[in-house]
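*Asks:*
Structural data, given as structure tokens:
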């Protein structure tokens, strides 16, 4: 278990859909431990494996004193209720933008031992689960912003200390644009 460097906006791994986990072994449990240690060290609410450069469908979370992980998540939304509020990302450090998400979510997946799991989340937990699952699909929260919000975000990113102008990143539109909350998943 060790703290790992977090990949920053512009790294192609953040834009690549992650592969499903098929081996629930000691290596996977080490990945979960590394994700947890890194997330906690950075005071994050969640962290997805692609943020450590690992293209697997795994994320950890630490929300409202609930610490855990989920592997191969599939999201369901029990209602149409929305929330809108500030959202940030450890791969886009120090920047927060109002982002619309669903208020309630049911996430089904597996533990690191392959046992079926379910997370029922509302508010911040729902936001976290949606954000981290987006990472597994190669989607960043910036992709969910309206055009004016994306423009503002890109300006802030270009001014950030960590931004590397020699490898300018691109922002893509959400693949869920006709289905902004991923209801078709």
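Numbering (this note's numbering), first residue to last: 1252 to 1436. Where is the CB? At the ideal position from N, CA and C, for every residue including glycine.
(1) Compare the Cα-Cα distances from residue 1337 to each of 1345, 1298, 1386 and report the closest residue.
(2) Among the residues of its own chain, which have a CB less than 8 Å from the CB of residue 1374, if the five just before and after it don't count?
(3) Is residue 1280 near residue 1342, with beta carbons less than 8 Å apart?
(4) Count the CB pairs spanning the region 1261-1270 and the region 1285-1295 that are closer than 8 Å, and state whether there are at least three.
(5) Between which residues of its own chain and residue 1372 is the CB-CB distance below 6 Å, once the five residues before and five after are set aside?
(6) Kindly indicate the opening and closing residues of the beta strand (DSSP E) around residue 1356.
(7) For residue 1302, count neighbouring Cβ atoms within 10 angstroms of its own Cβ and tell me buried if that reaches 16, exposed if not.
(8) For residue 1437, tell me which candidate among 1274, 1305, 1277 has the shortest Cα-Cα distance.
(9) Spell out the partners DSSP gives residue 1334 in its beta bridges.
(10) Is DSSP giving residue 1295 helix, strand or coil here?
(11) Applying the 10 Å Cβ sphere with the 16-neighbour rule, what's the burial state of residue 1331?
(12) Whose C-alpha, out of 1377, 1315, 1299, is nearest the C-alpha of residue 1391?
(13) Who are the Cβ neighbours of residue 1314 in its own chain at under 6 Å, not counting the five residues just before and after it?
(14) For residue 1388 and residue 1307, I'd like the C-alpha separation in whole angstroms.
(15) Please look up how many angstroms separate the CB atoms of residue 1512 and residue 1383, rounded, as I've assumed it's under 8 Å.
(16) Of the choices 1282, 1359, 1319, 1255, whose alpha-carbon is the least far from that of residue 1293?
(17) Which stretch, first to last residue, makes up the beta strand (DSSP E) that contains residue 1322?
(18) To which residues of the same chain is residue 1396 closer than 7 Å at the C-beta, ignoring the five residues directly before and after it?
(19) Is the shortest distance between the beta-carbon of residue 1297 and the beta-carbons of chain C less than 8 Å?
(20) What ranges does the beta strand (DSSP E) occupy inside the region 1257-1310, keeping only unbroken runs of at least 3 residues that lie completely in it?
*Replies:* With the given structure in hand:
(1) 1345
(2) 1334, 1354
(3) no
(4) no
(5) 1356, 1380
(6) 1355-1361
(7) buried
(8) Lying before the first or after the last residue shown, residue 1437 is absent from the chain, which here runs from 1252 to 1436.
(9) 1352
(10) coil
(11) exposed
(12) 1299
(13) 1296, 1375, 1376, 1379
(14) 10 Å
(15) The displayed coordinates of the chain run from 1252 to 1436. Any statement about residue 1512 would go beyond what the structure contains.
(16) 1255
(17) 1317-1327
(18) 1348, 1350, 1404
(19) The displayed structure is made up of one protein chain only, and chain C is not part of it.
(20) 1297-1299
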